[in-house]
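Presented below is the structure to which this report refers.
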Amino acid sequence: MSSTRLTTTHIHRALHELLTAAPQRADDGHPEFPLFVYHGRPACLNAELLAGFGASITQLKSLASALDAAEQDWEDVKHPLRRRFTPLAWTCLSRLHGGDTAGAWANSHRLAFGPQRHSGNAEFNRAIDRRRRPWLYDPAEFEQPKESREPHPGCTEYDVPRAARYGWI
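Below you can see the structure in the form of structure tokens.
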């Protein structure tokens, strides 16, 4: 692994690679308990991404234990894997939840990187979105010039059919 810290761009590209291989992918872990590692393999979206960035199975198990101790709050975890990521990339990674229904990883992609859809007359509120998804508003995270204050363009790839999005399959 290089000495360069991983950014949200790296996470986004890795997520695209996973979804290109299998757009309807979902967590494939234990049927009752959500686990990072199951039968010696990454079992959830975050574990698969971290393994793709060079994390070993032992490190994934250690991170899972640290998350359990921190009551699943990624911001409170002090773990060696965290040093590989920028703070905003770590926050982004913590918000990718995956799920066990078909298309759950694509839905996580849409929630983290997609344009926000609003119903009715509700206006898009950039300030609220900036608090919910801060990784989209830092030009350094997406290798943009410092002068550019535009958010990352909403990624519309891998949109999931409505039924899969809400688990109605």
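Mapping of the sequence shown onto the working numbering: residues 9 to 177, in sequence order.
Every residue, glycine too, gets a C-beta built ideally from N, C-alpha and C.
Note that the structure is a prediction, hence the values are computed from the model and not measured.
Opposite residue i in the DSSP bridges: which residues?
{"i": "L14", "result": "F93"}
{"i": "V45", "result": "P50"}
Can you find the residues in the same chain that come closer than 8 Å, C-beta to C-beta, to residue i, ignoring five residues on each side of it along the sequence?
{"i": "K69", "result": "F44, V45"}
With a threshold of 6 Å on Cβ separation, who are the neighbours of residue i within its own chain once the five nearest residues in sequence on each side are excluded?
{"i": "G106", "result": "D35, C52, L53, A112, W113, S116"}
{"i": "H59", "result": "A quick correction: the sequence has Ala, not His, at residue 59. Around A59: P50."}
{"i": "Q32", "result": "A110, G111"}
Within the continuous alpha helix (DSSP H) that includes residue i, where are the two ends?
{"i": "D76", "result": "65-77"}
{"i": "A59", "result": "53-60"}
{"i": "F121", "result": "112-121"}
{"i": "D137", "result": "134-140"}
Is the beta carbon of residue i less than 8 Å from the beta carbon of residue j?
{"i": "E149", "j": "T94", "result": "yes"}
{"i": "T16", "j": "W143", "result": "yes"}
{"i": "R103", "j": "L14", "result": "no"}
{"i": "G120", "j": "R140", "result": "Inspection of the sequence shows that residue 120 is occupied by Ala rather than by Gly. No, these two residues do not count as a Cβ contact at 8 Å."}
Which residues in the same chain as residue i place their Cβ atom closer than 7 Å to its Cβ, once the five residues preceding and following it in sequence are excluded?
{"i": "A74", "result": "V85, H87"}
{"i": "A78", "result": "D84, V85"}
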